[in-house]
Amino acid sequence: MPEEVNPLAVVPCPKCGEPLWFYRIYQVDLMLDREGDPIEIGDIADDPWDHEEVACPSCGHKPKYHWEETGLGHIIILNV
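Numbering (the working numbering), first residue to last: 14 to 93.
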(Lines of atoms letter the chains of each structure in order from A and count residues from 1; the text may use other names and numbers.)
(Lines give C-alpha, C1' and ligand atoms only; values in the text may rest on other atoms or scores of the structure.)
Protein backbone atom coordinates (compact mmCIF):
# COMPACT_ATOMS: atom_id res chain seq x y z
CA MET A 1 0.00 0.00 0.00
CA PRO A 2 1.47 3.42 -0.96
CA GLU A 3 2.51 5.76 1.83
CA GLU A 4 0.03 8.58 2.41
CA VAL A 5 1.43 12.02 1.54
CA ASN A 6 0.84 14.85 3.99
CA PRO A 7 -0.13 17.89 1.86
CA LEU A 8 1.24 20.18 4.60
CA ALA A 9 4.61 18.42 4.84
CA VAL A 10 7.70 20.58 4.50
CA VAL A 11 10.20 20.09 1.69
CA PRO A 12 13.64 19.28 3.11
CA CYS A 13 16.79 20.98 1.85
CA PRO A 14 18.72 18.51 -0.35
CA LYS A 15 21.99 19.66 1.30
CA CYS A 16 21.20 19.69 5.05
CA GLY A 17 17.67 18.28 5.47
CA GLU A 18 16.19 21.37 7.16
CA PRO A 19 12.92 22.81 5.73
CA LEU A 20 13.22 24.98 2.61
CA TRP A 21 11.51 28.37 2.57
CA PHE A 22 9.95 30.28 -0.32
CA TYR A 23 10.69 33.99 -0.29
CA ARG A 24 9.08 36.81 -2.23
CA ILE A 25 10.82 40.13 -1.88
CA TYR A 26 8.92 43.36 -2.34
CA GLN A 27 10.83 46.60 -2.64
CA VAL A 28 8.67 49.23 -0.98
CA ASP A 29 9.78 52.68 0.12
CA LEU A 30 9.63 52.98 3.88
CA MET A 31 7.98 56.21 4.92
CA LEU A 32 7.91 57.95 8.27
CA ASP A 33 4.95 59.57 9.99
CA ARG A 34 5.11 63.05 11.58
CA GLU A 35 6.65 61.60 14.74
CA GLY A 36 9.41 59.91 12.75
CA ASP A 37 8.03 56.38 13.18
CA PRO A 38 7.80 54.01 10.20
CA ILE A 39 4.38 53.85 8.55
CA GLU A 40 2.98 50.31 8.53
CA ILE A 41 3.17 48.65 5.13
CA GLY A 42 -0.29 47.62 3.99
CA ASP A 43 -1.38 44.39 2.37
CA ILE A 44 1.04 43.70 -0.48
CA ALA A 45 -0.17 40.19 -1.31
CA ASP A 46 -1.58 41.28 -4.68
CA ASP A 47 1.30 43.60 -5.58
CA PRO A 48 3.96 42.45 -8.05
CA TRP A 49 7.17 41.37 -6.35
CA ASP A 50 10.72 42.25 -7.29
CA HIS A 51 12.42 38.93 -6.54
CA GLU A 52 11.53 35.41 -5.44
CA GLU A 53 13.63 32.43 -4.43
CA VAL A 54 13.61 29.08 -2.67
CA ALA A 55 16.30 28.96 0.01
CA CYS A 56 17.35 27.09 3.12
CA PRO A 57 17.64 29.47 6.08
CA SER A 58 19.94 26.99 7.84
CA CYS A 59 22.69 26.35 5.27
CA GLY A 60 21.96 29.02 2.62
CA HIS A 61 21.44 26.53 -0.24
CA LYS A 62 19.23 27.95 -3.03
CA PRO A 63 18.00 25.11 -5.24
CA LYS A 64 16.80 25.86 -8.76
CA TYR A 65 13.03 25.60 -9.23
CA HIS A 66 10.24 26.33 -11.67
CA TRP A 67 6.50 26.92 -11.51
CA GLU A 68 4.03 24.38 -12.89
CA GLU A 69 0.32 24.84 -13.66
CA THR A 70 -1.88 22.19 -12.05
CA GLY A 71 -5.31 23.19 -13.33
CA LEU A 72 -6.20 24.36 -9.82
CA GLY A 73 -3.31 26.78 -9.44
CA HIS A 74 0.47 26.74 -9.52
CA ILE A 75 3.03 24.68 -7.64
CA ILE A 76 6.77 25.01 -7.21
CA ILE A 77 8.85 22.13 -8.58
CA LEU A 78 12.48 21.79 -7.47
CA ASN A 79 14.95 21.01 -10.27
CA VAL A 80 17.02 18.32 -8.55
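All residues carry an ideal CB built from backbone N, CA and C; glycine is no exception.
| Item | Value |
| --- | --- |
| Which residue comes first and which comes last in the beta strand (DSSP E) that contains M37? | Rather than Met, the amino acid found at residue 37 in this sequence is Arg. Start and end: 34-38. |
| Taking C-beta to C-beta, are M44 and I38 nearer than 8 Å? | no |
| Measure how close the beta-carbons of C63 and Q40 come, nearest whole angstrom, since I'm counting them as under 8 Å. | According to the sequence displayed, residue 63 carries Asp and not Cys. Between Q40 and D63 the Cβ distance is about 5 Å, and since that is below 8 Å, they are a contact. |
| Is it buried or exposed for L85, if we count other Cβ within 10 angstroms and need 16 for buried? | exposed |
| Which whole-angstrom value describes the C-beta separation of V67 and P76, a residue pair presumed to lie in contact below a C-beta threshold of 8 Å? | 6 Å |
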